[in-house]
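There are 2 protein chains.
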Amino acid sequence: MELSNKQITVIFKALCDENRVQIFRILQHGELCACHLLEELHLSQPTLSHHMKVLCDSGLVVGRKEGKWMHYSISPEGAKVAMDCLKEITAVTENDCKCCNNQ
Amino acid sequence: MELSNKQITVIFKALCDENRVQIFRILQHGELCACHLLEELHLSQPTLSHHMKVLCDSGLVVGRKEGKWMHYSISPEGAKVAMDCLKEITAVTENDCKCCNNQ
DNA sequence: CACACACATAGAAAAATGTCAATATGTTTT
DNA sequence: AAAACATATTGACATTTTTCTATGTGTGTG
């Protein structure tokens, strides 16, 4: 995979805002269009649109256009990438301290 | 577990900054004190200290004080919490669209 | 074709975050 | 006890992010 530091930050920015976390909770019940998401959030329409862009950029959410509606859903593929990335970045290859005279 | 939206953002803020991601990469080779981390990063000492606080607050990194040194390491327990959290928040319970006349 | 609707974009203001220099705190050494 | 060292905290500033209003774009409808 070999994601850059920058790419990793883009993925996890999805989960760095309370409103976006709430959007995940709502989308867990299934795909939903922006107008219905908006009903459940105390946000203006442009603000929601901004958050959906951040979420789609992360790959954790995908949008599907259907006429004038945008349907958003959680991406299992994106989730897998994020999981693999998290696992990789928190994996410890060695545990001994080589620092400050090995104290 | 039942983490709040706020708590989730605190966990994943750890991975929302390129320098912090780089710190994970460095800590993967084992526990390290702040002064040695500083050598490998183009940051001032107070800035590093700030990032280490964010990382410790996330639970993904733990600090261990040894005399005047602070030794930091990746926390496998914290990593597990983050993984479980990511898995939970991206889990989809239903996949059908109940939105906009089920289009 | 004009209008209504769903959503995106632009631009500006406010809030949060990242950064550094200066200083404080706590620990070890001389 | 004083000096040196490692790290944390404070305060200021710059950048980024969040948010809104206003407006634009594309789609369907009367």
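From first to last, the protein sequence lines stand for chains A and X.
Residues in the first sequence are numbered consecutively from 14, following this note's numbering.
Residues in the second sequence are numbered consecutively from 14, following this note's numbering.
We treat Cβ as the ideally placed atom computed from N, Cα and C, and that holds for glycine.
Those residues of the region 53-65 of chain A placed with their C-beta closer than 7 Å to a C-beta in chain X do not exist.
Interface annotation, V34(A): in contact with chain X, CB-CB separation under 9 Å. Taking 7 Å as the upper bound on Cβ-Cβ separation, chain X lies near residues A92, A95, M96, L99, K100 and I102 of the region 90-102 of chain A. Taking the Cα of H63(X) as reference, the smallest distance to any Cα among K26(X), V105(X) and N18(X) is reached at K26(X).
Residues of chain A with a Cβ closer than 7 Å to the Cβ of K26(X) are, in chain order, C29.
At a cut-off of 9 Å between beta carbons, G76(A) makes no contact with chain X. Not a single C-beta of chain X is nearer than 9 Å to the C-beta of V67(A). The three-state reading of DSSP puts K78(A) in strand, counting E and B together. Assignment of S88(A) by DSSP, reduced to helix, strand and coil, places it in the coil class. Collapsing the DSSP output to three states places C98(X) in a helix. Rounded to whole angstroms, the gap between the alpha carbons of L40(X) and H49(A) is 43 Å. Look at L50(X) here: in three-state DSSP terms it is helix. The Cβ-Cβ distance between V34(X) and T22(A) falls below 9 Å. For the pair L73(X) and F37(X), the CB atoms are nearer than the 9 Å cut-off.
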